[in-house]
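The structure appears below as structure tokens.
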Ligand code: NAI
Ligand code: 15L
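Residue numbers (full-length UniProt numbering): 1 to 274.
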């Protein structure tokens, strides 16, 4: 841990992984309000540093020494980096499972006390749509990607009890500029609500390991955040304005995974290989 600089921001330095990605590009701006310096990282090219308040470091999550160095002098980590779709197990193993392990080890080594972990709704993706769930519902991962997020949540619990590192696991629904299909009318998380969620995950006190579904105030939400009320997450947006464009389209077939499973098409991806 470093001594805070003379700014009145809550953190001296925040590390953001996955900064070149869809959500990383949004949060890169948001986090400026909360830290004197935002250190951003990705394996993919990122826009150049905007000034002294931003450090840009290209880095592979699979490289343990590089991730340990990346987290030096950091106060808290927002971990978004990794593969964000269903892929063969070996790819997921490296970027997501080994990569998240390296993040937690780096936090332990440098005395970092809080991680905001981008988990996913896919840890419960195999539930039928309309089944009400909350953070205590048994997980039903819908693929290797989902398994990696589920393991990440278990890692968070272990590092809390063993080393006192707190985590807020964000089970993000579908965070894009707009819902892309009928399923996402239920799972959509607006960028504005995402920013608010990450702010609460960084600033709320005594979070232990908290699990929260990242979803806007949509009409037909399957997930309750009753066990995460201490975070103070209060989404303001809704997918309702997008509903008419989907209602004009033909209804999905009864066996369409986007109609059956909370995780949609992820639940029927693969098998990979022979
Ligand atoms: P994205 O795929 O746009 O961004 C992920 C970033 O991680 C990419 O820029 C990629 O280059 C980087 N990355 C991949 N492998 C890496 C490695 N080995 N080392 C370093 N960086 C690596 O994904 P998006 O949409 O921005 O999501 C961010 C996070 O939130 C991901 O962890 C994703 O699983 C999670 N999430 C996103 C949702 C969404 O709706 N956007 C929903 C649920 C979870
Ligand atoms: C995810 O976990 C993915 O990262 C994202 O690309 C979306 O597909 C989202 O879930 C979803 O479930 O819509």
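Heads up, the beta-carbon is just placed ideally off N, CA and C, and yes, glycines get one too.
Judged by the Cβ position, residue 40 fails to qualify as a neighbour of ligand 1 at the 7 Å threshold, every heavy atom of the ligand being at least this far.
Going by DSSP, residue 39 is part of the beta strand (DSSP E) stretching over 35-42. In the three-state reduction of the DSSP assignment, residue 144 falls in the helix class, which pools H, G and I.
For residue 166, the enclosing beta strand (DSSP E) has its first and last residue at 166-172. Secondary structure note for residue 30: its alpha helix (DSSP H) is the uninterrupted segment 22-30. Within 7 Å of the C-beta of residue 15 there is not a single heavy atom belonging to ligand 1. Residue 270 and residue 254 have their C-alpha atoms spaced approximately 21 Å apart. Remark: the shortest separation between the CB of residue 46 and any heavy atom of ligand 2 does not fall under 7 Å. In this structure residue 104 is buried. Its beta-carbon is surrounded by 16 or more other beta-carbon atoms within 10 angstroms. The beta carbon of residue 159 sits closer than 6 Å to those of 104, 165, all from its chain and outside the five residues before and after it, given in chain order. Look at the stretch 52-122 and you find these whole runs of alpha helix (DSSP H), each 4 residues long or longer: 64-70, 89-92, 99-110.
In this structure, DSSP gives residue 150 a helical state, which the three-state scheme calls helix. Within the same chain, and ignoring the five residues on either side of residue 179 in sequence, the residues whose Cβ sits closer than 7 Å to its Cβ are 185, 188, 239, 242. Between residue 56 and residue 15 the beta-carbon gap is near 12 Å, outside 8 Å, which marks them as no contact. Where residue 183 is concerned, there is no enclosing alpha helix (DSSP H), because DSSP gives it neither an H nor an E.
With respect to residue 263, residue 60 sits apart: the two C-beta atoms are not nearer than 8 Å. If you look at residue 192, you'll find it in the alpha helix (DSSP H) that goes 191-203. For residue 108 and residue 259, the gap between their C-alpha atoms comes out near 42 Å. The three-state secondary structure of residue 128, taken from DSSP, is strand.
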